[in-house]
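Heads up, the thing below is written out as structure tokens.
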Ligand SMILES: N[C@@H](CCC(=O)N[C@@H](CS)C(=O)NCC(=O)O)C(=O)O
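Numbering (the UniProt record's numbering), first residue to last: 1 to 201.
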């Protein structure tokens with residue numbers, strides 16, 4: 001299995017983290033994201049959206065971190081707890097997969113402005129991120145995990161760009177429930193860190 005990867009990408013990190021959790025060996029192909037390699041013809045051939053992560057498993061190629069998480073959970077999670085089969089659980093988790101690839105990416109955009117000077121509207125992105133963190137914080141007021149009372153791929157999809165919010169100039173101090181949830185995730189037994197997100201030891 002091959003992951004087209006950039007170490008500082010929170011989206012690629014979703015996949016690295018979950019591959020470690022399910023214990024699947026894989027190979028990394030480093031993408032020169034800063035040099036815009038993901039926009040060259042080779043990469044546009046792999047993913048016409050010009051984005052990473054991309055995962056290849058045998059003759060299957062997938063783009064989009066959330067789609068990749070679903071695939072990995074279905075294929076490699078022997079416990080069937082990270083994305084359980086039943087309709088109710090699948091629906092509950094999927095709503096957060098959409099949030100992880102959607103509204104929470106405001107935080108990713110703010111971080112791209114701050115660390116790579118992307119010409120995007122920083123204030124609008126920060127406001128969008130704060131709105132979703134407020135919703136997340138209220139949701140987590142009376143639960144430890146986003147759904148089902150245990151960790152699922154919903155948590156994995158929403159976690160990185162929430163934990164990296166500070167790098168986009170967004171202070172998580174007002175979101176105490178979100179901060180506790182981050183601590184729970186960084187305490188998971190098979191947790192792996194990335195630059196900007198440490199294990200809770
Ligand atoms: N929908 C995709 C979006 C992934 C995404 O935005 N990836 C970033 C890196 S973290 C990217 O490749 N952006 C393209 C660019 O900024 O040029 C997913 O969730 O995997």
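Quick reminder that beta carbons are idealized off the backbone N, C-alpha and C, glycines included.
The structure displayed is predicted, hence computed values, not measured ones.
Is it the case that the Cβ atoms of residue i and residue j are separated by a distance below 7 Å?
{"i": "residue 194", "j": "residue 83", "result": "no"}
{"i": "residue 111", "j": "residue 35", "result": "no"}
{"i": "residue 102", "j": "residue 125", "result": "no"}
{"i": "residue 140", "j": "residue 177", "result": "yes"}
{"i": "residue 79", "j": "residue 148", "result": "no"}
{"i": "residue 27", "j": "residue 157", "result": "no"}
{"i": "residue 24", "j": "residue 6", "result": "no"}
Our contact map puts residue i next to residue j with C-beta atoms below 8 Å; I'd like the distance itself, whole angstroms only.
{"i": "residue 4", "j": "residue 68", "result": "Wrong, their Cβ atoms sit about 11 Å apart, outside the cutoff."}
{"i": "residue 137", "j": "residue 175", "result": "4 Å"}
{"i": "residue 164", "j": "residue 98", "result": "The pair is not a contact, with the Cβ atoms about 19 Å apart (cut-off 8 Å)."}
{"i": "residue 38", "j": "residue 52", "result": "5 Å"}
{"i": "residue 162", "j": "residue 104", "result": "6 Å"}
{"i": "residue 19", "j": "residue 62", "result": "13 Å between Cβ atoms; not a contact."}
{"i": "residue 160", "j": "residue 197", "result": "7 Å"}
{"i": "residue 1", "j": "residue 56", "result": "7 Å"}
{"i": "residue 8", "j": "residue 192", "result": "No, residue 8 and residue 192 are not in contact; Cβ-Cβ is about 14 Å, not under 8 Å."}
Notebook entry, point to check: Which runs of the beta strand (DSSP E) fall wholly inside the stretch 13 to 97 and span at least 3 residues, in chain order?
Noted result: 27 to 30, 54 to 57, 60 to 63
Note to self: Can you confirm whether the stretch 90 to 106 touches the stretch 153 to 162 when touching is taken to mean that 3 or more C-beta pairs between the two stretches lie within less than 8 Å?
What the structure shows: yes
Next item on the list: Would you list the residues whose beta-carbon is nearer than 5 Å to any heavy atom of ligand 1, in the order they occur in the chain?
Entry: 9, 11, 51, 52, 64, 65, 101
Checklist line | Contact the stretch 181 to 188 vs the stretch 110 to 129: 3+ CB pairs below 8 Å | finding: no
Margin query: Could you tell me which whole beta strand (DSSP E) segments of length 3 or greater appear in the UniProt domain "GST C-terminal" (86 to 201)?
Written below: none
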